[in-house]
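Participant: First the structure, then my questions, so here it is.
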Ligand SMILES: Cc1cc2nc3c(=O)[nH]c(=O)nc-3n(C[C@H](O)[C@H](O)[C@H](O)COP(=O)(O)OP(=O)(O)OC[C@H]3O[C@@H](n4cnc5c(N)ncnc54)[C@H](O)[C@@H]3O)c2cc1C
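Numbering (my numbering), first residue to last: 1 to 404.
Shown next, in the form of structure tokens:
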């Protein structure tokens with residue numbers, strides 16, 4: 001006998017958990033299951049990120065990223081406050097390493113204001129030196145509202161509350177196949193079958209594969225971009241009072257190697273963005289034959305190589321060579337020494353790539369019969385998760401009744 005639910009959410013990352021919470025709140029009479037393949041929630045992107053609550057500076061005005069980042073941030077801060085989850089508002093400096101980057105800082109300032117982030121302010125070289133002595137720059141954009149949090153801690157709170165309100169948080173349950181009939185979906189997984197009237201796919205790095213296994217031909221393919229972090233030595237920790245970022249490369253949706261204090265008192269440098277040859281490959285050199293085959297068969301791979309070859313080579317080198325990585329850190333903060341690079345950790349971003357090889361720059365939601373697929377939720381999706389959840393709930397409600 002299969003268990004029967006009104007709603008099944010595939011994936012227990014921060015997006016899946018907030019989606020389950022939003023839909024359970026809208027429909028208190030629904031039975032809800034969160035189906036997660038790992039032994040605990042939040043172990044992939046949610047558990048391997050920079051821990052930054054973004055302010056909404058970078059994103060194209062009018063985009064979902066711009067809107068949902070600001071809305072989600074407010075909801076996240078309120079949730080954290082009510083549950084006493086620690087958040088520290090440290091502010092951020094986006095540093096122009098050379099005079100020519102001043103124009104990009106001005107564009108970012110305009111973009112921030114267009115997105116409703118009015119508190120940004122330009123700093124000159126002296127003000128920058130006063131704020132973070134030793135950081136190399138001709139000026140900076142100050143973003144006072146940037147904050148840090150532990151996303152795994154938020155995910156655990158969400159899972160505990162969902163369970164307390166009657167949702168089934170099933171870990172160790174790997175989705176394998178979905179079959180639809182007039183009554184809804186039969187989801188076949190590693191630990192049995194589950195029936196659900198509606199399904200939301202929030203499987204992050206696996207979301208396109210899950211969509212395919214539910215009969216949807218996704219318009220994009222997920223490609224993993226690994227980001228490596230180094231923990232910097234304790235001698236440097238107290239010297240960085242805020243987040244310090246370079247001016248981003250407008251060609252890609254990654255923010256460049258930056259300095260991030262963490263909520264547990266460490267100081268990280270990173271992440272870079274190297275093509276990952278395994279979707280959950282958390283070390284350079286890890287590869288999966290199946291992922292290589294998927295990349296080889298993907299139409300977009302030629303365009304991807306053509307557009308980003310030089311950038312990919314640089315980011316790969318940073319993955320393999322601590323010396324090359326150090327150069328990127330030193331471009332921001334010249335006094336960091338090789339001996340300051342401590343333990344390395346990594347995360348893999350689930351980045352959707354279009355068939356022409358370009359990187360999808362906004363969140364993507366795709367409707368299928370009785371199901372909604374979240375097919376691009378990279379940064380700032382952790383910040384935006386609570387607002388993404390409301391958006392997903394709107395979309396799913398528009399699909400009702402799910403079963404005919
Ligand atoms: C290096 C890095 C730095 C980042 N920094 C930031 C930041 O500072 N601020 C920010 O806002 N965002 C940041 N992000 C982005 C952010 O982490 C993600 O956008 C967010 O965590 C996405 O959440 P998710 O729930 O969609 O994905 P995930 O957290 O990856 O969750 C997906 C879940 O689905 C499960 N799953 C997959 N396949 C199956 C299956 N077949 N059956 C069952 N379960 C399955 C997985 O096990 C996983 O738990 C960063 C990301 C990375 C990688």
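Ideal Cβ positions, reconstructed from N, Cα and C, are used throughout, including at glycine.
Is residue 105 helix, strand or coil by DSSP?
Facilitator: Of the three classes helix, strand and coil, the one that applies to residue 105 here is helix, per DSSP.
Participant: Taking 8 Å as the line, does the beta carbon of residue 67 fall inside it for any heavy atom of ligand 1?
Facilitator: no
Participant: Any heavy atom of ligand 1 inside 8 Å of the beta-carbon of residue 295?
Facilitator: No, the Cβ of residue 295 stays beyond 8 Å of every heavy atom of ligand 1.
Participant: Ligand 1 heavy atoms versus the CB of residue 263: any closer than 8 Å?
Facilitator: No - ligand 1 has no heavy atom lying nearer than 8 Å to the Cβ of residue 263.
Participant: Pick from 161, 251 and 27: whose alpha carbon is nearest that of residue 394?
Facilitator: 27
Participant: For residue 90, which residues from the same chain have a beta carbon less than 7 Å from its beta carbon, with the 5 sequence-adjacent residues on both sides left out?
Facilitator: Around residue 90: 146, 147, 148, 241, 242, 243 and 261.
Participant: Does the Cβ of residue 165 have 16 or more other Cβ atoms within 10 Å, making it buried, or fewer, making it exposed?
Facilitator: exposed
Participant: Rounded to whole angstroms, what is the Cα-Cα separation between residue 84 and residue 154?
Facilitator: 10 Å
Participant: Within 10 angstroms of the Cβ of residue 134, are there 16 or more other Cβ atoms? Answer buried if so, exposed if not.
Facilitator: exposed
Participant: Could you name the residues of the same chain whose beta carbon sits closer than 7 Å to that of residue 263, not counting the 5 residues immediately before and after it, in chain order?
Facilitator: 51, 86, 88, 148, 149 and 150
Participant: Once DSSP output is grouped into helix, strand and coil, what is the label at residue 176?
Facilitator: Looking at residue 176 - three-state DSSP - the assignment turns out to be strand.
Participant: Suppose contacts are defined by Cβ-Cβ distances below 9 Å. Is residue 204 in contact with residue 44 by that definition?
Facilitator: yes
Participant: Starting from residue 189, trace the beta strand (DSSP E) both ways and give me its first and last residue.
Facilitator: 184–189
Participant: For residue 316, does the three-state DSSP call read helix, strand or coil?
Facilitator: Helix, per DSSP.
Participant: Looking at residue 291 and residue 305, is the spacing between their C-beta atoms short of 9 Å?
Facilitator: no
Participant: Is the separation between the beta-carbon of residue 68 and that of residue 201 shorter than 9 Å?
Facilitator: no
Participant: If distances are taken between C-alpha atoms only, which option among 288, 329 and 284 comes closest to residue 268?
Facilitator: 329
Participant: From the DSSP secondary-structure annotation, give me the bridge partner or partners of residue 85.
Facilitator: For residue 85, which the question treats as bridged, DSSP gives no partner whatsoever.
Participant: Against chain C, does residue 63 count as a neighbour if the rule is that its beta carbon must be under 9 Å from one of theirs?
Facilitator: The structure shown contains no chain C; it is built from a single protein chain.
Participant: Measuring CB atoms only, is the segment 29–38 touching the segment 220–232, in the sense that at least three cross pairs come out at less than 8 Å?
Facilitator: no
Participant: Is residue 35 close to ligand 1? I mean its beta-carbon at under 8 Å from any heavy atom of the ligand.
Facilitator: yes
Participant: Helix, strand or coil for residue 228, going by three-state DSSP, please let me know.
Facilitator: strand
Participant: If we count the other Cβ atoms within 10 Å of its Cβ and call it buried at 16 or more, is residue 391 buried or exposed?
Facilitator: Classified as buried, residue 391 has 16 or more neighbouring CB atoms from the shown chains inside 10 Å of its CB.
Participant: Taking the CB atoms as reference points, tell me whether residue 159 and residue 138 lie closer together than 9 Å.
Facilitator: no
Participant: How would you label residue 253, buried or exposed, when you count the other beta carbons within 10 angstroms and need 16 or more for buried?
Facilitator: buried
Participant: Can we count residue 416 as close to ligand 1, meaning its CB is less than 8 Å from some heavy atom?
Facilitator: Coverage of the chain is limited to positions 1 through 404, which leaves residue 416 absent and any answer about it impossible.
Participant: Run through the DSSP bridge pairs and tell me what residue 126 is partnered with.
Facilitator: Partner(s): none; residue 126 has no beta bridge.
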